[in-house]
Every structure is written in C-alpha cells, then in structure tokens.
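Taken in sequence, the protein lines are chains A and B. Using this note's numbering, you'd call the opening residue of the first sequence number 1 and step up by one each time. Using this note's numbering, you'd call the opening residue of the second sequence number 333 and step up by one each time. Just so it is clear, CB atoms sit at the ideal spot from N, CA and C, and this is done for glycine as well. Read through the structure below, which is laid out as structure tokens, and then see the notes.
Protein chains: 2
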Amino acid sequence: MDSVAPPESPQPAPESARLGRADLDRAAERLAGRVWRTPVIRCDHFDALSGTRLWLKAENLQRGGSFKLRGALLAVGELAGSDSRGVVAQSTGNHAIAVALAAAEHGLRATLVLPSDAAPAKIRRIREAGAEVLLVGTALAERVAAVEQLRELHGYDVIDPYQNPQVIAGQGTASAELIDQAAAEGVLLDALVVPIGGGSAIAGACLAADGRGPAVVGAEPAAVPAFTAALGAGRPVRVPARHTMADGLRPDLIGELPFELARHTVAEVVRVEEHSIARALRDAFLQARLVVEPAAATALAAALEHGSRWGQDIGVLVSGGNVDLDLVGPLL
Amino acid sequence: MDSVAPPESPQPAPESARLGRADLDRAAERLAGRVWRTPVIRCDHFDALSGTRLWLKAENLQRGGSFKLRGALLAVGELAGSDSRGVVAQSTGNHAIAVALAAAEHGLRATLVLPSDAAPAKIRRIREAGAEVLLVGTALAERVAAVEQLRELHGYDVIDPYQNPQVIAGQGTASAELIDQAAAEGVLLDALVVPIGGGSAIAGACLAADGRGPAVVGAEPAAVPAFTAALGAGRPVRVPARHTMADGLRPDLIGELPFELARHTVAEVVRVEEHSIARALRDAFLQARLVVEPAAATALAAALEHGSRWGQDIGVLVSGGNVDLDLVGPLL
C-alpha cells in the first residue's frame, strides 16, 4: 500500500464546485425516512489490528445494499412531477441499482448501462427493481457514450453518478451521519476513510467534513489509481484500467465535479493492493460478521493498515455489500 | 415448520423462577459500556418476504460474536475479587466463548467443555481468548458430567449456561434493548422471536417482555424439539438428539430454571426445518448483508414464515454470527 498527499494548490475551486454544507443539510432533510439511518459498528478485532478505534458506517446495510441510494433518490426525485420519459445512467453497479430503485419509487422507466464485467449480483438486483440493463464494454468512456446515445434516442434524463450535484450531496449524507453518530458517543473523528471510484463518495465526504474536524482520506485500488493520477496532473486524467476485484472502483477517470470538490480537502490518498482488499473483505466477514463488497473492503483495508497514523478515532465508510458469491467463496 | 401453543397451566412458578424485571434492569446497568448496544436492522427484502416488518437485533455484531457475552460477564463478574481458582462451563460454543472472554477480562483461568461436533470456529475463538477446551461426547449429559468432574478435581467455579440467574438476566438484556430500540422509533413490537437451545435466551426474553407488550415466540430446530417436548410433559424432558445444522440449538434438554421462567409466558414455539434454517442463513447473507449463524437463522426463519400471524412489527433476536466457513460455503 502506498499513499500520496495532494500538492499545495493556490487556485480557488471553480463556480461549479460551490456545493456546500447547506446543500448537504437540505439533502439530509429530504432523505429522512426514505433511507435507513444505518448503524455505526465497532469491532474489537479491528481495533486491535489497526491500533486505533474504527467506526464503521455500515452502508452495506442500506436499502439497495449501498450508500448510493441516497444520491439517486434525490436526483431522480427532482424529476418527479415532470414529464420525464425515463432515466438513464451508467455505473459499475451500485449507482445503477440505486437509480433503478429510485425510478421504481417514482414510477419512471429506467435504463442502466453497466460494463460487461459488472458483478452479476448487481445486474440481478437492477433487473429485480424492474429496470433495463445494457452491458457495454469495460471502459467508462464506452458507457458514457452509450448513455448519450440513449438520451438522444429516447429523450431520457441522465442521472450522472459524478457530475450531478444532488448525487454528491446525497452521498455526502452518509459521511455526515457517521460524524454525527460518533459525536453522539462523545467522539470527534480524527479521520474519515472513503473509497474512491468516480469520486462521488469522497466529494460528499469532503462536504460533510468541512468545518467539522475529520481529515478526509481516500482509498483507491492500486490497480486503478485515478485520484492519485488526477492529483499529480492537477486535473482528472485517464489511467490504465488494470483489473481490480473492487468492481465499484473501476472507473479509470475521476469526475470533474467531485475532483474539484475534493482536491483541496483530501488529506491523503492510499493505494490499496488487491491482497489487502481480499484480507479486509474476509476479516469483515469473519470478525465483524458483515458482508461487504470489495469497494468497501478497500476503505477498510486502508484504515486497518494506516489508521493509527491519522489519530485515535477513524471513521470508515463501508460503502456497500453487493458482493458476488463467486467472488467471495474462494476468498473465504 | 410446525408449532405448538403451551397448554394452560394454573400452577404458579416456583420460588427459583422469581427472577424479575428488577434483575434485568440491574443487569443492564452493570453491562453498560461493557457490551456493544448492537443495532436493530431493517431489511426491505425480509419485510416483503414475511408480509410484516422485522426488527433484527443484530447480536451477531456483539463482542464475542453472540449475545451470550452479556450473561457471562455478569456471572463471571460475581467471582471477581473472590479467591476463585478459575471457571468451568459446558456449552455448544457461544456461552463458552463468552465465558472465556469474561474470564480473560477478570484474569481468571477458564476451562470450557464442548461437544466433539462443536463448530471449529467456536473452538478457535475460545482458544484465542486464552482458555482451555475439552471436547466431550455429543450429548448434554456427557458435558455436564465432565464439568462436575473438573469442579471436583480443581475446585473451579461452574458458570452454568441455563441455571445461573445472572446468565439469564444478562441474556435478557438483549431482548430488552430490542424492545427499547423499537420503541425509540415509535414502535411497540407485537412479538419477539428468539431461538431456543438450552433456554436462556427465551427465559431472558420472557423477563424482558413482561409487562411490555410483545408476545414471546420460541424457535427451535424441528430436529431437536426440546422445548416443545417440555411443554407437552410439563417439565424438561430429554429428546432424541437428531442432527441439526444449528449447532447452538443442539441441547436435548431445556434447563429447569429457564423452563420455569418461560413456560407460562411463551405464546408459541415454532419447530423449524433444516431447509428453512439454511434458506434464512443464505438470505441474511445476500439480502441483509449479515453473517449469522444457524441458531440465529432459526429465529429468522420462524419470523419470515410466521411473522405476519403475530402482528405488524416483529422483533427477532439474531443471536450470533460465529459460523463456520465449511458450513456456510456450500449453503451459499
């Protein structure tokens, strides 16, 4: 595992990045009663292993199996009462499940574009929610192009997983709850560890942490270090998409909006090796009795290996639990 | 799955059974800060499947992986400051893990007697806690005899899993928390479903439910219907110990104290078939993203299949999560 700190950067965030605390609070209000307030879980074994106290925000227990329902409910909700013909979105899986569920709640058609190597469990859940699935290539750019075609062809509204401010504010409510739930136990978190795929989770975490204390740490697979590359280049740049078991973290390019929101706030980005992801997934199962997907295990692995450097109380966004048995079986 | 209601019985509980609400409250006070206040988890899929709302008390996330730490901490704690030479207990596994952890906290030696077909994961955890493990036969009576021998030989204090009032009051705090946590959401539970092994969980649940509303329902493996047999006979009677995957529910005889505490309160006992236990365990993994052991899955299965008969809000004691990968692998 390797890590980088972002370079100093004097320029202010652009206009587009002016999402703030108020947006997050509004998002939380609108989501109240529509998503579970998932528990924050402690585990003696993890505390011993990390040499610090880990506070696990169990969004694997969220409706739809990941924190992504938060953003999708808000973004799709914006269309309610409009004459929308339906929604379309691309995703490695969890945003797609979330959009499918949100669309079903609002009686909207939904078409979801996933990579051909998407987790079968995720594809199945989207279909169970009554949405259509289109499998396109393996690269983000191919999916984005397919979404654009569907938008032009059918007039669907696009629910972008990275560029939509509602989505980012919604995802941020998970981190905000974690900070609140720790505070209710008398604990000010020293750091918040969040997995990085396209960037919505880390951008949301930066909104949530703003002015509230915790350093925001990102965790990305060493195989797809898109945020690290973006920090180096000063803008999102495409990285070679090597294979990672963390299917949710395969985007080879960070979204522009999340990058602008997060780049000046992120304290550190840890690149997590595959064997560390596998071990954290297994430990979550056996020691914390939680079913987590590899993306969540990536954040957990970073916290287990580096947490004690960041302080005494470390929050971890356990982002989702939509895992394939074919993957988990051999790991266990 | 089959079920029986207890026969009407006019005779009062004997003196030994006069554990009451006050004992439970004292137990909760003494345990505060020593066990996790585990979350109560909701799951859309389970609600749809059961036709009612399930409130899952996730004691699989408890320290030591089951609710049994509650009773063990209290019972072993009684010996602290005495000149105890150590403790000994028999158990199918979770009480043994709990006694081992509690003894370690109090700096006491611990020897645990388990059946030779105990779950390897449970044996490992006991040894990790620094305690000695003795594997003896497969029947409860053999383990009880071994405990008696060790007591005579070494002068150890016995931490009985069924007859010790501290243990039962401690176990009851899990059900009491569940009732409180649902109430905090504005919900009065209609029923509380609890697995039955030796009887401490159901006796504790009866204490917790007393005067607070929920009907108490027991769930036992159809293969080992020890509580059903006891209700029929009016006293604990040994049943043929057929094989069940629910290793925690293998005792072939209900303890006398728990039976006396529970017999007049239990509304119904459901006998759960093996295939239902397996399905609930699998659903807990895939749909609720919780690792549960078969004993917990037994209660969950009863709630999924019968919950809607009992009302609109059904609490389930998800008793533990110490499961063997060898068992779970093929099920998943």
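Exercise. To the nearest angstrom, how far is it from the Cα of Val318(A) to the Cα of Glu592(B)?
Worked result: Along the first sequence, read from residue 1 onward, the residue named residue 318(A) stands at position 318. Along the second sequence, read from residue 1 onward, the residue named residue 592(B) stands at position 260. For Val318(A) and Glu592(B), the distance between alpha carbons rounds to 44 Å.
For this session: Would you kindly report the start and end of the unbroken alpha helix (DSSP H) that includes Arg30(A)?
Result: By 1-based counting over the first sequence, the position of residue 30(A) is 30. Residues Arg21 to Leu31.
Exercise. In whole angstroms, what separates the C-alpha of Gly51(A) from that of Asp584(B)?
Worked result: Counted from its first residue, the first sequence places residue 51(A) at position 51. Counted from its first residue, the second sequence places residue 584(B) at position 252. The straight-line gap from Cα to Cα measures roughly 43 Å.
Problem set entry | Cβ-Cβ separation, Ile429(B) to Ala523(B) (assumed contact under 8 Å), whole Å | Position 191 of the second sequence, counted from the start, is the residue given in the question as residue 523(B). Position 97 of the second sequence, counted from the start, is the residue given in the question as residue 429(B). That pair is no contact at about 28 Å.
Exercise. Between Val136(A) and the rest of its own chain, which residues show a CB-CB distance below 6 Å, the 5 nearest in sequence each way excluded?
Worked result: As a working mapping, residue 136(A) is identified with position 136 in the first sequence. Cβ neighbours of Val136(A) beyond the five flanking positions: Val113, Glu142, Arg143 and Ala146.
Exercise. Can you check whether the CB of Phe285(A) is closer than 8 Å to the CB of Ala174(A)?
Worked result: Position 174 of the first sequence holds residue 174(A). Position 285 of the first sequence holds residue 285(A). Between Ala174(A) and Phe285(A), the gap from beta carbon to beta carbon reaches 8 Å or more.
Problem set entry | Simplified DSSP assignment, three categories, for Asp324(A) | Here residue 324(A) corresponds to residue number 324 of the first sequence, with the count starting at 1. The answer is coil: DSSP assigns Asp324(A) none of H, G, I, E or B.
For this session: Put Gly503(B) into one of helix, strand or coil per three-state DSSP.
Result: As a working note, residue 503(B) is residue 171 in the second sequence. Reading the sequence as shown, one finds Gln at residue 503(B) and not Gly. Note: Gln503(B) maps to helix in three-state DSSP.
For this session: Check whether the Cβ atoms of Val88(A) and Arg34(A) sit closer than 8 Å, and answer yes or no.
Result: Stepping through the first sequence from its first residue, residue 88(A) is reached at position 88. Stepping through the first sequence from its first residue, residue 34(A) is reached at position 34. Not closer than 8 Å, so no.
For this session: Give a yes or no on whether the C-beta atoms belonging to Ala226(A) and Val239(A) are separated by under 8 Å.
Result: Working through the first sequence from its first residue, we reach residue 226(A) at position 226. Working through the first sequence from its first residue, we reach residue 239(A) at position 239. For Ala226(A) and Val239(A), yes; Cβs fall inside 8 Å.
Exercise. Which residues bound the beta strand (DSSP E) around Glu552(B)?
Worked result: By 1-based counting over the second sequence, the position of residue 552(B) is 220. Run containing Glu552(B): Ala547 to Pro553, per the beta strand (DSSP E) assignment.
For this session: Measure the C-alpha to C-alpha separation of Arg395(B) and Asp44(A) and round it to an integer number of angstroms.
Result: Reading the second sequence from its first residue, position 63 is the one you call residue 395(B). Reading the first sequence from its first residue, position 44 is the one you call residue 44(A). Going from the Cα of Arg395(B) to the Cα of Asp44(A) covers about 7 Å.
Exercise. For Leu281(A), which of helix, strand or coil comes out of DSSP?
Worked result: For the purposes of this step, residue 281(A) is identified with residue 281 of the first sequence, where counting begins at 1. Helix at Leu281(A).
For this session: Output yes if chain D places a C-beta closer than 8 Å to the C-beta of Trp387(B); else output no.
Result: Checking the listed chains, one finds no chain D in this structure; the protein chains it contains are A and B.
Exercise. So with Cβ pairs under 8 Å, would you call Gly360(A) a contact of chain B?
Worked result: Nothing in the structure corresponds to residue 360(A), since chain A is present only between 1 and 332.
Exercise. Sorry if obvious, but does the Cβ on Asp492(B) come closer than 7 Å to a heavy atom of the ligand SAM?
Worked result: Absence of the ligand SAM is noted for the structure shown, with no ligands found whatsoever.
Exercise. What is the rounded straight-line gap between the Cα of Ile179(A) and the Cα of Ala209(A)?
Worked result: Along the first sequence, read from residue 1 onward, the residue named residue 179(A) stands at position 179. Along the first sequence, read from residue 1 onward, the residue named residue 209(A) stands at position 209. Approximately 8 Å, taken between the alpha carbons.
For this session: Give the DSSP bridge partners of Trp55(A), in chain order.
Result: One-based indexing of the first sequence puts residue 55(A) at position 55. Gly315(A).
Exercise. So what's Asp157(A) in DSSP terms, helix, strand or just coil?
Worked result: Taking the first sequence and counting its residues from 1, the one referred to as residue 157(A) is at position 157. Asp157(A) falls in the strand class under three-state DSSP.
Problem set entry | Contacts around Leu332(A), its chain only, beta-carbon distance under 7 Å, and the 5 residues preceding and following it disregarded | As a working mapping, residue 332(A) is identified with position 332 in the first sequence. Cβ neighbours of Leu332(A) within its own chain (closer than 7 Å, five residues either side excluded): Arg282 and Phe285.
Problem set entry | Contact set between Ile97(A) and chain B, taken where Cβ atoms lie within less than 8 Å | For the purposes of this step, residue 97(A) is taken as residue 97 along the first sequence, with counting starting at 1. Neighbours of Ile97(A) in chain B, taken as residues at a C-beta separation under 8 Å, are lacking, since the least C-beta distance is about 12 Å.
Problem set entry | Three-state secondary structure (DSSP) of Leu589(B) | Numbered from 1 along the second sequence, position 257 holds the residue referred to as residue 589(B). DSSP places Leu589(B) in helix when its eight states are reduced to three.
Exercise. Exposed or buried, Pro568(B), counting other C-beta atoms within 10 Å across all chains shown (16 or more means buried)?
Worked result: For the purposes of this step, residue 568(B) is taken as the residue at position 236 of the second sequence. Buried.
Exercise. In the structure shown, what three-state DSSP assignment does Arg70(A) receive?
Worked result: Indexing the first sequence from 1 puts residue 70(A) at position 70. In this structure, Arg70(A) counts as helix in the three-state DSSP scheme.
For this session: Would you kindly work out how many angstroms separate the C-alpha atoms of Arg641(B) and Gly543(B), rounded to a whole number?
Result: Translated into positions along the second sequence, residue 641(B) becomes position 309. Translated into positions along the second sequence, residue 543(B) becomes position 211. Straight-line Cα distance between these residues: approximately 21 Å.
Exercise. How many Å lie between Gly321(A) and Tyr156(A) at the Cα?
Worked result: Here residue 321(A) refers to the residue found at position 321 of the first sequence. Here residue 156(A) refers to the residue found at position 156 of the first sequence. A straight-line Cα-Cα distance of about 29 Å links Gly321(A) and Tyr156(A).
Exercise. Asp357(B): buried (16+ other C-beta within 10 angstroms of its C-beta) or exposed?
Worked result: Translated into positions along the second sequence, residue 357(B) becomes position 25. By the neighbour-count rule (16 or more Cβ atoms within 10 Å), Asp357(B) is not buried but exposed.
For this session: Could you check the C-alpha separation between Gly186(A) and Ser416(B) for me, to the nearest Å?
Result: On the first sequence, residue 186(A) is found 186 positions in, with the first residue counted as 1. On the second sequence, residue 416(B) is found 84 positions in, with the first residue counted as 1. Using only the alpha carbons, I get a separation of about 37 Å.
Exercise. Residues in its own chain within less than 6 Å of Ala412(B) by CB, not counting five upstream and five downstream?
Worked result: Position 80 of the second sequence, counted from the first residue, corresponds to residue 412(B). Taken in chain order, the residues that qualify are His438.
Problem set entry | For Ala89(A), the first and last residue of its enclosing beta strand (DSSP E) | Sequence index remark: in the first sequence, residue 89(A) carries index 89 (1-based). Note, Ala89(A): beta strand (DSSP E), Val87 to Gln90.
Exercise. Taking the C-alpha atoms as reference points, what is the distance between Val272(A) and Ala296(A)?
Worked result: Sequence index remark: in the first sequence, residue 272(A) carries index 272 (1-based). Sequence index remark: in the first sequence, residue 296(A) carries index 296 (1-based). Computed Cα separation, rounded: 12 Å.
For this session: For His575(B), I'd like the list of residues in its chain whose CB is within less than 7 Å of its CB, leaving aside the five on either flank, ordered along the chain.
Result: By one-based count along the second sequence, residue 575(B) stands at place 243. Cβ neighbours of His575(B) beyond the five flanking positions: Ala555.
Problem set entry | Reduced DSSP category for Arg212(A) - H, G, I as helix; E, B as strand; rest coil | Along the first sequence, read from residue 1 onward, the residue named residue 212(A) stands at position 212. Arg212(A) falls in the coil class under three-state DSSP.
Exercise. Hey, out of Ala303(A), Pro161(A) and Pro294(A), whose CA is closest to Asn60(A)'s CA?
Worked result: By one-based count along the first sequence, residue 60(A) stands at place 60. It is Pro294(A).
Exercise. Identify the residues that DSSP records as bridge partners of Glu268(A): which are they?
Worked result: Counting from one through the first sequence, the residue named residue 268(A) turns up at place 268. For Glu268(A), which the question treats as bridged, DSSP gives the partners Val217(A).
Exercise. What residues of chain B sit near Phe358(A), judged by a beta carbon separation below 8 Å?
Worked result: No information on residue 358(A) is available, as it lies outside the stretch 1 to 332 that chain A covers here.
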